[in-house]
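Scroll down for the structure; my scribbles are underneath it.
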Amino acid sequence: MSDQVILRVATKIIVPTILLYALYVQFHGDFGPGGGFQAGVIFAAGIILYSLVFGLRRTQKVLPSWVARLAASTGVLIYAGTGVVALLKGGKFLDYSVLAHDPEHGQHLGILFVEIGVMITVLGVMITIFYFFAARGREDL
Amino acid sequence: MEILVDFALLALLAVTAMAVVRVTNLFAAVMFAGIYSFLSACLFTVMDAVDVAFTEAAVGAGISTVLMLATLALVGSKVTTPQFRITAMSTKVPPRRPIFPLFVVLVTGGILVYGTLDMPPYGNPDDPVHNHVAPHYLEESGHEIGVPNVVTSVLASYRGYDTMGETTVVFTAAVGVMILLSSLRGRDTYGQEAWGDEKVQDLDVGFVDAFGEEMDAPSPKVGRRKKRKRRKKGGRG
Amino acid sequence: MTFVADALSWICLLGGGVFVVIGAIGVIRMPDLFTRLHAAGITDTMGAGFILVGLMFQGGMSLITAKLILVLGFLWFSSPVSTYALARATLASGQEPFWSEDLEIPDTARIPGMVYPVDAMGEADAESGEEEE
Amino acid sequence: MRILGLYNYWVFVFLMMVGFYILISRRNLVKKILGLNIFQTSVFIFYISMGKIIGGTAPILVEGEGEVVYSNPLPSVLILTAIVVGVSTTAVALSLVVRIKEAYGTIEGDEITAMDNEMPPP
């Protein structure tokens, strides 16, 4: 699909917007609709759009397969790690109130970390699944 | 006004679902499934579940459709209906109509409709659903968590265990896809262990010439027998 | 002032609705994919555009209007590109547009009492072909 | 309201049965997965319509507007995660379909059964 000038130019403009929007959804999730799940999916959609237009090989130069796999496991680690930190600080597992001096502040912090973990997992998982489907049956990748 | 929108969206959903049943081309069916997801996202918005609508629009209509299309690129999008194959194979077999599934579906649906007669009224604040933990979330989360979006605070804080489990499920699904799709790229590692390298080569050729061309050929019977033979040969070796 | 804003917003919303209906009729009535795309494009750009402008009048000078402007810009950027990509994909898959001499308007699609120039063209072609033979 | 509520639930039952019908009457595996998706979405709609309160608004707290009625946030939370889990499991199912296609050369359920039984197809 390398001869499609209009698609390539449009994708180059759209993809950064989508990724930025994913981050907006992630950090605006406390005040409006949004959160880790949606942000991860939107981020993955941006990457998938890029690879549909520019091909899997170029996409995997930008975001290699092992990075996506690492992200999928890191997110779960961040999520569970937040719980363990709360445990070590003297609270219960996933009880964020003890994370900071003020319980409400602690809750904010805990939700932030947990949502980041969810986002990283979801984007890693979606991109990994897409990579595996797209690379199937193609020896060159 | 809201009720009119509700009615229209539900009717469109029903029509789209019927279209998914009727369409024989898988590509068109996948596209209808995408439309179905978008319509249900609209319905979720009308029903005040904006977070769910957002997720459904991004996941159901976006990622899900892309994955389905990626699968269709690998498996082909033509459905050979049982009817067509049976008439191609033999003229003696009478046409088969899905009477029994229809009967099962009608009976189950009838029982479920009978069950809905006892449901509490739609949208009534006195329903049992709205009087258990939901009032606590709505009244207390403002100063317990301090996050305006109640869905986020319930998702991440009150029901953090739930969400952690779901995240793990998503991760496990990715592991499953990796195991299923990465181990062999056109080569059967299981066969390699059982039958040795050269037999696997033979098997590969068998797959290609049995199904590469004869998928489109009018008589699929021959191709299947050929493949059977090859398989047995491989098994004996 | 609110009355003017409300009136403008209603005009825009109704206009957007009209364009969406026109697009839907076009998708059903047009003969092949390219002409259908031509009709469906109106839904994305004009229909959704007018509806968003109408909502902006309702929003007034606020953050909502800014967000709607962003949505409008994104829509006007992405929907022509997607229409173009669809048309290119159709061409690449081997489906060519109906040229006017191939076009046969089915009887069910004709508006009674209307003269279609395509019919005259088809007859002229047929006549010239006979003469050559 | 009573009629609307029942209508809502009836459409949900109808959608669920459409998905169920695809699941048990169609032989194509991709079609079966589409049927499962429809089934799943109908359950989502059922949950969300239970959480709706007429005259309510989305459960995002507004400061100082007096008495505001919010719809129930709990079904939203449950379904929000269920959607993402649903697409992940769909991906696993689709990868199984891809493997079946590679092993058998077909994704029609009855042909696969016939091959497994070493019988000529019906």
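Residue numbers (my numbering), protein chains in the order written: chain F, 591 to 731; chain P, 18 to 254; chain W, 679 to 811; chain G, 220 to 341.
Just so it is clear, CB atoms sit at the ideal spot from N, CA and C, and this is done for glycine as well.
Model, not experiment: these values are computed from the prediction.
Along the alpha helix (DSSP H) that carries residue i, what are the first and last residues, could you check?
i              : result
S756 (chain W) : 741-770
P165 (chain P) : Neither: P165 (chain P) is in no alpha helix (DSSP H) and is coded neither H nor E.
N256 (chain G) : 248-270
H698 (chain F) : 693-725
S580 (chain F) : No statement about residue 580 (chain F) is possible, as the shown extent of chain F runs from 591 to 731 and does not include it.
K602 (chain F) : 595-618
A45 (chain P)  : 43-63
P775 (chain W) : Where P775 (chain W) is concerned, there is no enclosing alpha helix (DSSP H), given that its DSSP letter is neither H nor E.
F621 (chain F) : Note, F621 (chain F): premise wrong, no alpha helix (DSSP H); not H, not E.
D179 (chain P) : 177-199
L711 (chain W) : 711-720
E321 (chain G) : 292-323
M35 (chain P)  : 19-39
L84 (chain P)  : 81-92
K682 (chain F) : Unbroken run through K682 (chain F): none, as it is neither H nor E.
Is there a Cβ of chain G sitting closer than 8 angstroms to that of residue i, yes or no?
i              : result
R726 (chain F) : yes
G77 (chain P)  : yes
A74 (chain P)  : no
L220 (chain P) : Reliability fails at L220 (chain P), whose pLDDT of 39 lies under 50, so the model's placement of it is uncertain and no value is given.
V715 (chain F) : yes
M591 (chain F) : Because the pLDDT at M591 (chain F) is just 48, under 50, the model does not fix this residue reliably, and the value given afterwards should be weighed accordingly. Not an interface residue.
Does residue i have its Cβ less than 8 angstroms from a Cβ in chain P?
i              : result
I279 (chain G) : yes
T260 (chain G) : yes
Y640 (chain F) : no
T332 (chain G) : no
N336 (chain G) : no
In whole angstroms, what is the alpha-carbon distance linking residue i and residue j?
i              : j              : result
I662 (chain W) : T723 (chain W) : For chain W, the structure presents residues 679 to 811; residue 662 (chain W) sits outside this window and is missing.
L689 (chain F) : A190 (chain P) : 31 angstroms
L86 (chain P)  : L197 (chain P) : 18 angstroms
A661 (chain W) : V698 (chain W) : Examination of residue 661 (chain W) is not possible in this model, given that chain W is present from 679 through 811 alone.
A78 (chain P)  : G673 (chain F) : 33 angstroms
A46 (chain P)  : R246 (chain G) : 14 angstroms
I279 (chain G) : A66 (chain P)  : 10 angstroms
P137 (chain P) : D144 (chain P) : 6 angstroms
F627 (chain F) : M64 (chain P)  : 20 angstroms
L21 (chain P)  : A36 (chain P)  : 23 angstroms
T82 (chain P)  : M48 (chain P)  : 7 angstroms
I700 (chain W) : T713 (chain W) : 13 angstroms
I706 (chain F) : A670 (chain F) : 12 angstroms
Y266 (chain G) : Q259 (chain G) : 11 angstroms
A702 (chain W) : T721 (chain W) : 8 angstroms
Q594 (chain F) : I747 (chain W) : 28 angstroms
V232 (chain G) : V122 (chain P) : 10 angstroms
V657 (chain F) : I717 (chain F) : 10 angstroms
Determine the closest residue to residue i out of the options, with distance taken between C-alpha atoms.
i              : options                        : result
D68 (chain P)  : F:A658, F:G625, F:I604         : F:G625
W754 (chain W) : F:Q594, F:I604, F:V643         : F:I604
G693 (chain W) : W:R707, W:V731, W:G704         : W:V731
V192 (chain P) : F:R728, F:A724, F:T711         : F:T711
R726 (chain F) : G:T325, G:V317, G:M334         : G:V317
S94 (chain P)  : G:D329, G:I241, G:T325, G:K271 : G:T325
F621 (chain F) : F:L702, F:K679, F:G707         : F:L702
V150 (chain P) : P:L60, P:H160, P:V130, P:R176  : P:R176
L255 (chain G) : G:V237, G:I264, G:S268, G:E327 : G:V237
N291 (chain G) : P:E156, P:V186, P:E183         : P:E156
A74 (chain P)  : P:L89, P:A90, P:V124, P:S54    : P:S54
T607 (chain F) : F:G619, F:I632, F:V595, F:H618 : F:I632
L315 (chain G) : P:N42, P:L91, P:M181, P:G132   : P:L91
A676 (chain F) : F:H698, F:S687, F:T601         : F:S687
L613 (chain F) : F:V708, F:V715, F:F720         : F:V708
Which residues in chain G sit within 9 angstroms of residue i, going by Cβ to Cβ distance?
i             : result
L89 (chain P) : V249
A36 (chain P) : Here the premise fails: no neighbours, minimum Cβ distance about 10 angstroms.
Give me the chain G residues within the contact set of residue i, using Cβ-Cβ distance strictly less than 7 angstroms, ordered along the chain.
i              : result
I719 (chain F) : A310
V712 (chain F) : V303
V187 (chain P) : V303, V304, S307
H147 (chain P) : I272, N291
Anything in chain F within Cβ reach of residue i, meaning under 8 angstroms, just list it in chain order.
i             : result
D68 (chain P) : P623, G624, G625, Q628
So which residues on chain W does residue i lean against when the C-beta distance must stay under 8 angstroms?
i              : result
T607 (chain F) : F752
List the residues of chain W whose Cβ lies closer than 9 angstroms to the Cβ of residue i, in chain order.
i              : result
L597 (chain F) : V759, Y762, A763, R766
Determine the chain F residues that contact residue i at a beta-carbon separation under 7 angstroms, and present them in chain order.
i              : result
S756 (chain W) : I604
L299 (chain G) : F627
V47 (chain P)  : Those within 7 angstroms of V47 (chain P) in chain F number zero; the least Cβ separation is about 14 angstroms.
F44 (chain P)  : Those do not exist, as F44 (chain P) stays about 16 angstroms from chain F at its closest Cβ, beyond 7 angstroms.
Measure from the C-beta of residue i to each C-beta in chain F and report whether the shortest distance is under 8 angstroms.
i              : result
V288 (chain G) : no
Contact set between the stretch 158-183 of chain P and chain B, restricted to residues whose Cβ is under 8 angstroms from the partner
The chain inventory of the structure shown lacks chain B, comprising the protein chains F, P, W and G.
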